[in-house]
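Colleague: Right, I'll just put the structure down here and ask away after.
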Amino acid sequence: MRLSILSNVNLDMLSGLLKKENEVFQTDGYGEWITYALKKDERLAAFAPECLFLLLDGNALLEGCQDMGSVKTVLDRSEQYIEKLAENYSASYLVVSTIDVRPEHIGAGDASDLAQASGAYWDTLLTGLAERQKNIHRFELRRLIEDYGRKQFYSAKFWYMGSIPYDMKALHLLAEEMRHVMARLVRVPKKVLVLDLDNTLWGGVIGEDGPEGIVLDSAHEGAIYQDTQKQIKKMQQQGVLLAIASKNNSEDVQSAFRENPHMILKESDFSAIYADWNPKPVNIGKIAEELNLGLDSFVFVDDNEAEREAMRIQQPEVTVVDFPTDLTTLPAVMAEVYENYFFTWHLTDEDKAKTMQYQQERERRKERESAVSYEDYLRSLQTTIRLAPVNDNTRERAVQLMNKTNQFNTCTLRMDELALEHYLGEEGGHLLMAEVSDKYGNSGWVSEFLYHQDGDTAVIDNFLMSCRVMGRKVEDAILDAVLKKLQADGITRATAAYKKTAKNKPVEALWEHLGFAQVSGNEEQKQYERKLTSLPETEQIHTVVWDV
Amino acid sequence: MEEFLSFIADILEVDKNTLTLETSQDDVETWDSLMQLRLLGEIEAKYGVMIPMERISTIRKLNDFYQYIKES
Chain U
0 MRLSILSNVN
10 LDMLSGLLKK
20 ENEVFQTDGY
30 GEWITYALKK
40 DERLAAFAPE
50 CLFLLLDGNA
60 LLEGCQDMGS
70 VKTVLDRSEQ
80 YIEKLAENYS
90 ASYLVVSTID
100 VRPEHIGAGD
110 ASDLAQASGA
120 YWDTLLTGLA
130 ERQKNIHRFE
140 LRRLIEDYGR
150 KQFYSAKFWY
160 MGSIPYDMKA
170 LHLLAEEMRH
180 VMARLVRVPK
190 KVLVLDLDNT
200 LWGGVIGEDG
210 PEGIVLDSAH
220 EGAIYQDTQK
230 QIKKMQQQGV
240 LLAIASKNNS
250 EDVQSAFREN
260 PHMILKESDF
270 SAIYADWNPK
280 PVNIGKIAEE
290 LNLGLDSFVF
300 VDDNEAEREA
310 MRIQQPEVTV
320 VDFPTDLTTL
330 PAVMAEVYEN
340 YFFTWHLTDE
350 DKAKTMQYQQ
360 ERERRKERES
370 AVSYEDYLRS
380 LQTTIRLAPV
390 NDNTRERAVQ
400 LMNKTNQFNT
410 CTLRMDELAL
420 EHYLGEEGGH
430 LLMAEVSDKY
440 GNSGWVSEFL
450 YHQDGDTAVI
460 DNFLMSCRVM
470 GRKVEDAILD
480 AVLKKLQADG
490 ITRATAAYKK
500 TAKNKPVEAL
510 WEHLGFAQVS
520 GNEEQKQYER
530 KLTSLPETEQ
540 IHTVVWDV
Chain Z
0 MEEFLSFIAD
10 ILEVDKNTLT
20 LETSQDDVET
30 WDSLMQLRLL
40 GEIEAKYGVM
50 IPMERISTIR
60 KLNDFYQYIK
70 ES
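Take a look at the structure:
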């Protein structure tokens, strides 16, 4: 990655530690971060850092402050500088640190309180900054220092010799944390956590020990498993989908969840439960099919090395977690699993509601099995599609969706917030968002239609939809409504394209299916067009409403 | 000593074979004043020794560092 480090103390040594795997721009002097913030530096701008770290030493920053009033003055001013910095380098991820203040370096008398209050006050300013400026992210410097211990983290020797506040080992830790942050910024998060049960979510074997006999409690060894379940529950609340792959009788598994009073996770927390005697690599394949997600978004946890090995060999796309040899670290390992594979910087409402939506999907499937024809089934869902141009409230979701949708994505056009702004502004593009709801619930904003006008032609730049609503003829309804609107606007022709990727096979024949004719192309990409002069009156299964 | 030299070579980002205990600050381009501090910090951390602040300016050659390890 291309990165640069700004600070109010001398952290040049960090650049040295990071430059083996990264391209590092060395800023001039230290404590110059304010200059860089207020005035766009031409050399730094030309370097175009992907990631700009601002690591603030709380003690140096609040030097001389005696009370909360003076602390606030300094921190409020720093907040304004950072606002400027984020504007000047809006194309970079700006990673800003929390601050640690050592009581002996601040105030008098109630120094401990003041030190703590300063850190907390900065936290609230940082939260506000991250909400206002989407490119700002938080760096947990204070937590790093607290976890390691202040006495070891700070170095008097380095401070007096080189104005470097931190010890050599601490600098290595900092560099390591920075590598983690950078990896998280560019990584595509996983979606599903598949769990074993016996000796993973509880101690012992449910089939032999029974629902009361398994090891699960709020104290001693049972608490290891209960804390592990608590970590997993937290992940589920953050939008991670949970599934079970266990070799057990399904009645035994049911009794464990229903009868053991110490159970934190409930059956309803899981989007899929496979408790039978089939090989786990087979079952995980079924889960992927059921949830309509690729196996590369799956993470698998099992205490049994033979099961892990089978998974690695037969489903190599699945990420297999190393199970700890020291069982007491299991809850911490789960916390790490979240940080390493699932963590996302900005949670949208759609993320939080995911499990519920997949459960609704299960209900829909039941209905499908009992309906007479597929169309009847779709009609029985009473689906409403709301179409609206993207606005400030949906922009974040729009960017998220277009960057993570792989299967139903005709041209796989990826854009960040800035590129989207450019597309909607200078390029004259339009982005329509579609929200889908039915009698089982609201699936949220799940589809996007991007086009621009060229004379009397509408050029469809991309059409994408979340796999959550695939297979329900939602695309037919959206396209029908959009084309009618374009026709009413005086457009006589629409063009579209399919660009092949490793994953978008499901839409290979979409345009033909939607009444477009191929005009040119090859295996890799195809161009289509359709005249809009006369659109057939087709009977619509779904209701479409415009929200303009 | 071999292990010490390869540890140092890694930090200075040079080929280990170019280093001996007689190698001095003037021989290695990456060995500037910041690197001087880093070497001190890395050696203290790895070998659990303490190199007093007032001695840092007298260290010119790798051997000057090495003496602290030998003494410990």
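Protein sequences, first through last, are from chains U and Z.
Going by numbering that gives the first Met the number 0, the letters in the first sequence line up with residues 0 to 547, in that order.
Going by numbering that gives the first Met the number 0, the letters in the second sequence line up with residues 0 to 71, in that order.
C-beta atoms are modelled at their ideal positions from N, C-alpha and C, and glycine is treated no differently.
Remember, it's a predicted structure, so these values are computed and weren't measured experimentally.
Exposed or buried, what is A495/U when buried is set at 16 or more other beta-carbons lying within 10 Å of its beta-carbon?
Modeller: buried
Colleague: Can you tell me whether W201/U is buried or exposed? The criterion is at least 16 other CB atoms within 10 Å of its CB, across all chains shown.
Modeller: buried
Colleague: What residue range is occupied by the uninterrupted beta strand (DSSP E) comprising I459/U?
Modeller: 456-464
Colleague: Please go through the same chain and pick out, in chain order, the residues whose beta-carbon is closer than 7 Å to the beta-carbon of Q225/U, but skip the five residues on each side of it.
Modeller: L215, D216, S217, H261, I263
Colleague: Given that a residue counts as buried once 16 or more other Cβ atoms are within 10 Å of its Cβ, and exposed if not, what is W566/U?
Modeller: Absent from the model: residue 566/U. The displayed extent of chain U is 0 to 547, so no value can be given.
Colleague: Whole angstroms are fine: how far does the CA of G108/U sit from the CA of P102/U?
Modeller: 10 Å
Colleague: Can you give the beta carbon distance from D146/U to G118/U, rounded, assuming they're within the 8 Å contact cut?
Modeller: With a Cβ gap of about 14 Å, D146/U and G118/U do not count as contacting.
Colleague: So, do the stretch 273-292 of chain U and the stretch 158-176 of chain U have three or more beta carbon pairs nearer to each other than 8 Å?
Modeller: Fewer than three beta-carbon pairs drawn from the stretch 273-292 of chain U and the stretch 158-176 of chain U are found closer than 8 Å, and the two stretches are therefore not classed as touching.
Colleague: With 16 other CB atoms within 10 Å as the buried threshold, where does A476/U fall?
Modeller: Its Cβ being crowded by 16 or more others within 10 Å, A476/U is buried.
Colleague: Of all Cβ atoms in chain U, is any one closer than 8 Å to the Cβ of R54/Z?
Modeller: No - not a single Cβ of chain U is within 8 Å of the one on R54/Z.
Colleague: For the stretch 143-168 of chain U, enumerate the residues whose C-beta is nearer than 8 Å to any C-beta of chain Z, in chain order.
Modeller: S154, K156, F157, Y159, M160, G161, I163, D166, M167, K168
Colleague: Interface residues of chain Z around D56/U at Cβ under 9 Å?
Modeller: The premise fails here: D56/U is roughly 17 Å from chain Z at the closest Cβ pair, so nothing lies under 9 Å.
Colleague: For a contact defined as C-beta to C-beta under 8 Å, what are the partners of D11/U on chain Z?
Modeller: Those within 8 Å of D11/U in chain Z are L33.
Colleague: Chain Z beta carbons: is any one of them nearer than 8 Å to that of G15/U?
Modeller: yes
Colleague: Who are the neighbours of A8/Z on chain U, taking C-beta pairs under 7 Å?
Modeller: Neighbours of A8/Z on chain U: none; closest Cβ ~13 Å, over 7 Å.
Colleague: Please report the straight-line C-alpha distance between E288/U and G454/U, rounded to a whole angstrom.
Modeller: Linking E288/U to G454/U through their CA atoms gives a straight-line distance of about 43 Å.
Colleague: Compare the beta carbon distance of F297/U and V193/U with 8 Å and say whether it is the shorter of the two.
Modeller: With respect to the 8 Å criterion, F297/U and V193/U are classified as neighbours on the basis of their beta carbons.
Colleague: According to the Cβ coordinates, are L386/U and A480/U closer than 8 Å?
Modeller: yes
Colleague: Going by DSSP, which residues form a beta bridge with E434/U?
Modeller: R385/U, W444/U
Colleague: With 8 Å as the threshold, decide whether the Cβ of L36/Z is near any Cβ in chain U.
Modeller: yes
Colleague: So if DSSP puts W201/U in a beta bridge, which residue, or which two residues, is it bridged to?
Modeller: In the DSSP output, where bridge partners are listed per residue, W201/U has D197/U.
Colleague: Got a sec: is the Cβ-Cβ distance from E43/Z to anything in chain U below 8 Å?
Modeller: yes
Colleague: What do you get for M333/U, buried or exposed, if any count of 16 or more other CB atoms within 10 angstroms of its CB means buried?
Modeller: buried
Colleague: If the criterion is Cβ atoms closer than 8 Å, does the pair A114/U and M67/U meet it?
Modeller: Not closer than 8 Å, so no.
Colleague: Just verifying my parser: in three-state terms, what is the DSSP assignment at S533/U?
Modeller: coil
Colleague: Report yes or no: do the stretch 392-401 of chain U and the stretch 441-454 of chain U share at least 3 C-beta pairs separated by less than 8 Å?
Modeller: yes
Colleague: On the CB-based measure, 16 or more other CB atoms within 10 Å of its CB, does Q356/U come out buried or exposed?
Modeller: With 16 or more neighbouring CB atoms inside 10 Å of its own CB, Q356/U falls in the buried class.
Colleague: Helix, strand or coil: how does DSSP classify Y65/Z here?
Modeller: helix
Colleague: How about T409/U and F462/U: are their beta carbons less than 8 Å apart?
Modeller: At the C-beta level, T409/U and F462/U come within 8 Å of one another.
Colleague: Report yes if the C-beta distance between E49/U and R1/U is below 8 Å; otherwise report no.
Modeller: In terms of Cβ geometry, E49/U and R1/U form a close pair [threshold 8 Å].
Colleague: What does G40/Z reach in chain U if we use C-beta pairs closer than 9 Å?
Modeller: Here the neighbours are M12, S154, K156, F157, I163, D166, M167, K168, L170.
Colleague: Using 8 Å for Cβ pairs, my map puts V95/U next to L125/U. What's the rounded Cβ distance?
Modeller: Under the criterion of beta carbons closer than 8 Å, V95/U and L125/U qualify as touching, at roughly 6 Å.
Colleague: Whole angstroms is fine: what's the gap from Y337/U's alpha carbon to L173/U's?
Modeller: A direct Cα-Cα distance of roughly 20 Å separates Y337/U from L173/U.
Colleague: By the three-class DSSP mapping on this structure, what secondary structure does G108/U have?
Modeller: coil
Colleague: Does the beta-carbon of T19/Z have 16 or more other beta-carbons within 10 angstroms, so that it is buried, or is it exposed?
Modeller: exposed
Colleague: Leaving out five residues on either side along the sequence, give the residues of the same chain with a beta carbon under 6 Å from the beta carbon of L478/U.
Modeller: L513
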